[in-house]
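Heads up, the thing below is written out as structure tokens.
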Amino acid sequence: MGIWLLLYCNMIVLTDGSRILGLGDLGILPVMLDVGTNNQKLLEDCLSIDFFEDFQMKWAFERLQRYQKRFCMFNDDMQGTAGVALAGLLGSVRAQGRPLTNYVNQKIVVVGAGSAGLDVFNMATKAVSRMAGAEASPQFFLLDKDVWFYSYCLLSNFFVPNVNYRISLYYGLITTERKGADPAAAPFAKAPGEIKGLGLREGANLVEVVKRVKPHVLLGLSEVSGIFNEQVGSPLTECTAVDAFNHAGENIVFASGSPFKNVDLAEVGAVVVRAAVAEELAEGRCDVGPKELR
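Numbers -17 to -1, 1 to 277, taken from mature numbering (1 follows the signal peptide of the UniProt record, and there is no 0), label the letters of the sequence shown in order.
Structure, rendered in structure tokens:
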């Protein structure tokens, strides 16, 4: 810090290291910096922002709820992810050739009830309220992971040597009937009456939810990979870019914050370009025919 050349600082990023890229506390000892100020002008400046980064979910929610109405605050893991996701959701409506107001009719399934998943869910819900009023009931469904231990020995509270114990991790629909649900997820839990007509129940797995709901959008906001397999990807898709196009064909928009290997979409690209040129030609703005691109 002694060789820092700039005289003014516009933003301070804080982290306690409890959630580094979703990996948790990796044992790194944080360096604590005293960045306080007794300059009243700076303290009262409405543009002074506290930027929270990589805080564990329970701390992230608690800090944000406690201070966000008193200070200008921003949590990138929660609000940043949610803002980008909402932009993608609204953009996807336009990509379907529908008016933006059709967003309120979109059926969305969110898998993962961590800080990012909950804030995406929250912001997406608020967008519906802004468009259709506070009484609107969005068709959004939230799933989170549950862990089940399969072994009769566990019921007796002891382990038997040389026996393979299987731990199964699956994602289930969150409803108001769930016991021990995270308080942060409680406002987004579905009431039994809301899902009865769909034939769903508390803890319904992802495949069941996708088949029954037939969502327009499937959002994966979990740290666990491989959740969206071919069984889920047949009606929709996620996973890698290759799997996305293999399962759902070329008529999709694929976006990811994680790096994937390039996909050879030569044929897909040619179709898109030909369609674009054909549209331009039909509107009299282009002299090149789509056949010339083959």
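C-beta atoms are modelled at their ideal positions from N, C-alpha and C, and glycine is treated no differently.
Residue 60 carries a helical assignment under DSSP once its states are collapsed to helix, strand and coil. From the listed residues 197, 42, 162, 159, the smallest Cα separation to residue 98 is found for 42. In the displayed model, residue 28 falls within coil according to three-state DSSP, outside both helix and strand.
Residue 126 and residue 163 do not touch by the CB rule: their CB atoms are close to 16 angstroms apart, not below 8 angstroms. When the beta-carbon positions are compared, residue 183 and residue 191 come within less than 9 angstroms of each other.
Assigned with DSSP and collapsed to three states, residue 122 falls in strand. According to the DSSP secondary-structure assignment, residue 188 is paired through a beta bridge with 155.
Annotated as distal: residue 76 and residue 123, with beta-carbon spacing of 9 angstroms or more.
Taking the C-beta atoms as reference points, residue 87 is found nearer than 9 angstroms to residue 111. In the three-state DSSP reduction, residue 181 falls in the helix class (H, G or I). DSSP places residue 163 in the coil class of the three-state scheme, outside both helix and strand.
Taking 9 angstroms as the cut-off, the Cβ atoms of residue 171 and residue 85 do not count as close.
Apart from the 5 residues on each side of it in sequence, residue 205 sits with its Cβ closer than 8 angstroms to the Cβ of 94, 95, 97, 100, 128, 154 in its chain, given in chain order. In the structure shown, the three-state DSSP call for residue 109 is helix. Taking a 10 Å sphere around the C-beta of residue 166, we find fewer than 16 other C-beta atoms and assign the residue as exposed. Residue 103 and residue 68 have their C-alpha atoms roughly 7 angstroms apart. In the same chain as residue 173, and ignoring 5 residues on each side of it, the C-beta atoms closer than 6 angstroms to its own belong to 158, in chain order.
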